[in-house]
Amino acid sequence: MRSVNVVAIAFVLALAALAATAAEGIKLGELVIYDAWARASAGPASNGAAYVSIHNHGPADRLLGASTPAAARSELHAHIMDGGVMKMRPSGPIDIAPEARMRLEPGGRHVMLMGLKGPLKEGETFPLTLRFEKAGEITLTVSVLKVGDMGPGDPHQHHQGTHEHRQHHEHMGQPPQQRR
Ligand SMILES: [Cu+2]
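In the numbering used here, the protein residues as written are 12 to 191.
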């Protein structure tokens, strides 16, 4: 019985560690990836979009593609002006400049989720795998926020899991205010 309890406690601790990692950013090579989120579907939508923030601590890399079991197909998209109308189009690989801090966000670059298996519901999560040219692959947990949300970085919102840059640097082993 005792060993069963030890396993149960270890499992709970592992879950807690995963949750903490998600809020502070996940390190993949020289990249730190954080705030993976999506908007809840407004109705019985067949498409959706996922967003993520990336901080590159190293040389240039490229986001090549994404996949999720939540949708039949995932494409990298960008919004472009076409005859005065904002349209979205497949963007191909997304360049990540050296030392860049970038955000996929509503109205900008996003991971288009085509053929959702079901509507995205606020409070739920789903896995999203991103594939980078140099850093490799990582599977993130995407948090579904409310319809019309502008994301965890929205200054008008106060979500749990809001990215704190201080935490992020502690995670990288570079506390910004302890340098002498
Ligand atoms: Cu799109």
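Where a beta carbon is used, it is the ideal one built from N, C-alpha and C, also for glycine.
Query                                                                                                                   : Result
Heavy atom of ligand 1 within 7 Å of M92 beta-carbon                                                                    : no
Residues passing the C-beta test against ligand 1 heavy atoms, cut-off 6 Å                                              : A60, H88, M99, H121, M123
Three-way DSSP call (helix, strand, coil) for E148 in this model                                                        : strand
Cut-off 6 Å between Cβ atoms - residues of its own chain near S78, not counting five sequence neighbours on either side : S85, T140
Enclosing beta strand (DSSP E) for A49 [first to last residue]                                                          : 42-50
Option in E41, I44, V153, I105 with minimal Cα separation from L75                                                      : I105
Cβ-Cβ distance between F137 and D72 below 8 Å                                                                           : no
Beta carbon of G126 nearer than 8 Å to that of A83                                                                      : yes
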